[in-house]
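What follows is one structure encoded as structure tokens, with my remarks underneath.
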Amino acid sequence: MASPKYQPQLHVVLHQPEIPPNTGAIGRTCVALQAKLWLIKPLGFEITEKTLRRAGLDYWQHLEWEVCENWQDFLDKREPDSMWLFSRFATKSYLEVDYHVATTLVFGCETAGLPKSITEQHSDSLLRIPTHENVRSINLSNAVAVAGFEAARQIGLSL
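Under UniProt numbering, the sequence shown has 135 at position 135, and the numbering climbs by one with no breaks.
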């Protein structure tokens with residue numbers, strides 16, 4: 001296994017992502033934030049797919065990332081101390097919490113979000129990114145950027 005490219009200060013989890021360009025863009029954001037990207041299977045694409053690489057441009061080679069077989073596999077590997085899960089159904093804003101070094105930010109797939117089994121298990125950790133009522137949610141890659149850069153700001157990452 002290759003040596004780490006950087007020591008992650010944040011962790012971003014995509015639960016069953018479906019759209020390669022979103023995942024590629026999120027990978028780029030993770031490199032910018034020096035965050036590790038965790039991908040939870042099943043994925044809606046092959047990790048080597050040309051569109052994924054193109055969306056990540058030349059940043060994917062700099063990314064710390066790992067694929068997990070399922071949610072439990074992720075929890076067994078990561079055991080996060082501080083974890084926030086994003087859902088359009090949450091009532092608490094992402095701006096109302098404190099983020100810490102090694103915080104884990106969890107996002108669901110583009111079409112269905114996180115499964116109820118996960119949101120019910122972590123109901124005290126659900127956050128939302130407020131939007132105008134005419135928009136049910138923002139694009140997944142935008143949501144990761146919004147939350148990730150707020151977490152980075154709070155923990156004082158020097159980017």
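The C-beta atom is built at its ideal place from N, Cα and C for all residues, glycine as well.
Small disclaimer: the values here were computed from a predicted structure and weren't measured.
Residue closest to G27, alpha-carbon to alpha-carbon, out of E133, D58, E96 and Q9 = D58
Length of the line joining the Cα atoms of K77 and A152 | 23 Å
Measure the CB-CB distance between S82 and T104 and report whether it falls below 8 Å.
-> yes
To which residues of the same chain is V106 closer than 6 Å at the C-beta, ignoring the five residues directly before and after it?
-> V13 and L85
According to DSSP, what are the bridge partners of I40?
-> H15 and C68
Considering only the beta carbon of each residue, do K36 and P17 sit closer than 8 Å?
-> no
Out of F149, S137, N70 and Q154, point me to the one whose CA is closest to residue 190's CA.
-> This structure cannot settle anything about residue 190, because the visible part of the chain is limited to 1 through 159.
Closest residue to P4 among V31, T23 and I19 (Cα-Cα distance) = V31
Please classify L95: is it buried, with 16 or more other beta-carbons within 10 angstroms of its beta-carbon, or exposed?
-> exposed
Can the beta-carbon of W38 be found less than 8 Å from the beta-carbon of H11?
-> yes
Contact with chain E by S87, beta-carbon distance below 8 Å = The chain inventory of the structure shown lacks chain E, comprising one protein chain alone.
Which value, in whole angstroms, describes the spacing of the CA atoms of P80 and E133?
-> 32 Å
Answer with buried or exposed for S117, where buried requires no fewer than 16 other C-beta atoms within 10 angstroms of its C-beta.
-> exposed
Whole-angstrom distance between P42 and D73, CA atom to CA atom = 12 Å
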